[in-house]
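**Q** Same order as they appear, the protein sequences are chains Y and U.
Quick note on this note's numbering: the first sequence kicks off at 2 and runs consecutively.
Quick note on this note's numbering: the second sequence kicks off at 2 and runs consecutively.
2 protein chains.
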Amino acid sequence: MFGLDNIIDLFIDNLKKLFFPEEWIELDMKFSKTEIFSILYLDKRKEITMTELVEYINVPMSTATGIVDRLVKKGYIARERSETDRRIVVLRLTEEGSRLIENLKDLIYKYLDMILADLTDEEKQFLARIALKIVHNLENRLEPKKAETQNKNQVKKIDIE
Amino acid sequence: MFGLDNIIDLFIDNLKKLFFPEEWIELDMKFSKTEIFSILYLDKRKEITMTELVEYINVPMSTATGIVDRLVKKGYIARERSETDRRIVVLRLTEEGSRLIENLKDLIYKYLDMILADLTDEEKQFLARIALKIVHNLENRLEPKKAETQNKNQVKKIDIE
DNA sequence: ATATAATATTACGGAAACCGAAATATTCGC
DNA sequence: GCGAATATTTCGGTTTCCGTAATATTATAT
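As structure tokens, then:
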């Protein structure tokens, strides 16, 4: 369509190089996939409950307990009871957890830097703009909650068959 | 440095949406990570030996045998002995395996298409060019084998401590 | 020709991370 | 106080990987 066809093949061929450089290995050893997602989600939300975590990473409650167990034992997240409702467990990153995220972002940043080394400044600028656009697109496309609720009581288009 | 700093945060926040859309789920259920890499590598190389596979996916031989066992049982790859050296096992994709790859590429293509929906044609063109550059950069950076072997018997730099 | 090396499979036992179901504990709201 | 909500614990089972060692088959070198 617009010349990305063959690029896809190229990217698939280089998938391994792209997503599994040496730098990732340590991370890969330290955490499972769900653990990484849990930490990242926690970093984003600052405070979440077990139920929220379960909804996000999409695992049974018993599994989530295990995941959190490990992360607590490793010292990356803190597990406290809510003051207002003592049934609820509140998760948050410890300082070590925050440091971990910082390091992770640093790693990603350096990795990107390496990958983008060949690009000119203009290309980088352009790429940054496009990346922003893509992320926004993603957000709208996969999470149109706000828009939905906003339009909820406005107009209801009815498809006619 | 060039405006990608905050973009990284944005991307991390959307990691899950980016890399684990609904479409991927079926794939995730059907294969382990190493299985996917094995199939993709096989598609790229057309024919490989167990040893080559092991070098690529970086697992013990006994594990690789298990991986291939599963993929053979599922009908995606064929396992034959080399005619010229009967110790060697030659792996190749079956027709069903090739179809699988085709579908996978199709999936990726559609997914990309969705993600890039917001971009103008010029932006897509530009992105294609940049992508090419990045991949080439990757190839040179992580696989300078040819250059190495060429220089092998030329000069040997000796580190002095 | 025989010993050695290379290639791969098989056979263990063991670990990590997950599933799902059921039992338990605490606490909240009514 | 009772039923619902929140989370943990327990338990048996599955998958996928690890690492070691034994075995089988074939190629190569002396």
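Yeah, the Cβ is synthetic: ideal placement off N, Cα and C, and Gly gets one too.
For clarity, every value in this text was computed on a predicted model and none was experimentally measured.
Can you look up Y/R73 in the DSSP assignment and give me helix, strand or coil?
**A** Residue identity differs from the one stated: residue 73 of chain Y is Val in this sequence, not Arg. Three-state result, Y/V73: helix.
**Q** Contact defined as beta carbons within less than 8 Å: I believe U/K125 pairs with U/L133. What is the distance between those atoms, to the nearest angstrom?
**A** So it is not a contact: roughly 13 Å between Cβ atoms.
**Q** Quick check on the DSSP output: what are the complete alpha helix (DSSP H) runs of length 4 or more inside the segment 5-49 of chain Y, in order along the chain?
**A** As far as the segment 5-49 of chain Y is concerned, its whole alpha helix (DSSP H) runs of at least 4 residues are 6-14, 16-20, 23-31 and 34-46.
**Q** With a cut-off of 8 Å on the beta carbons, I'd call Y/L28 and U/K18 a contact; round off their distance for me.
**A** Not really, about 20 Å apart at Cβ, beyond 8 Å.
**Q** For U/I68 and U/E36, which I take to be in contact (beta-carbon distance under 8 Å), what is that distance rounded to the nearest angstrom?
**A** At roughly 6 Å, the Cβ-Cβ gap stays under 8 Å, so U/I68 and U/E36 are in contact.
**Q** Just the C-alpha distance for U/I49 and Y/A79, rounded to the nearest angstrom, thanks.
**A** One C-alpha to the other measures close to 48 Å.
**Q** Buried or exposed: U/F38, going by 16 or more other Cβ atoms within 10 Å of its Cβ?
**A** With 16 or more other Cβ atoms within 10 Å, it is buried.
**Q** Should Y/F20 be labelled buried (16 or more other beta-carbon atoms within 10 Å of its own) or exposed?
**A** Its Cβ having fewer than 16 others within 10 Å, Y/F20 is exposed.
**Q** Considering Y/I78, what are the terminal residues of the beta strand (DSSP E) in which it resides?
**A** Start and end: I78 to R82.
**Q** Is the CB-CB distance between U/I8 and Y/K106 below 8 Å?
**A** It is not a contact, given that the beta carbons lie outside the stated cut-off.
**Q** Leaving out five residues before and five after Y/R93 in sequence, what residues of the same chain have Cβ atoms less than 6 Å from its Cβ?
**A** Excluding residues within five positions, the ones whose Cβ falls inside 6 Å are E48 and A79.
**Q** Counting contacts by CB-CB distance shorter than 8 Å, is U/F32 in contact with chain Y?
**A** No, because no Cβ of chain Y sits closer than 8 Å to the Cβ of U/F32.
**Q** Output the boundary residues of the beta strand (DSSP E) element that contains Y/L92.
**A** Taken as a continuous stretch (DSSP letters only), the beta strand (DSSP E) holding Y/L92 covers V90 to L94.
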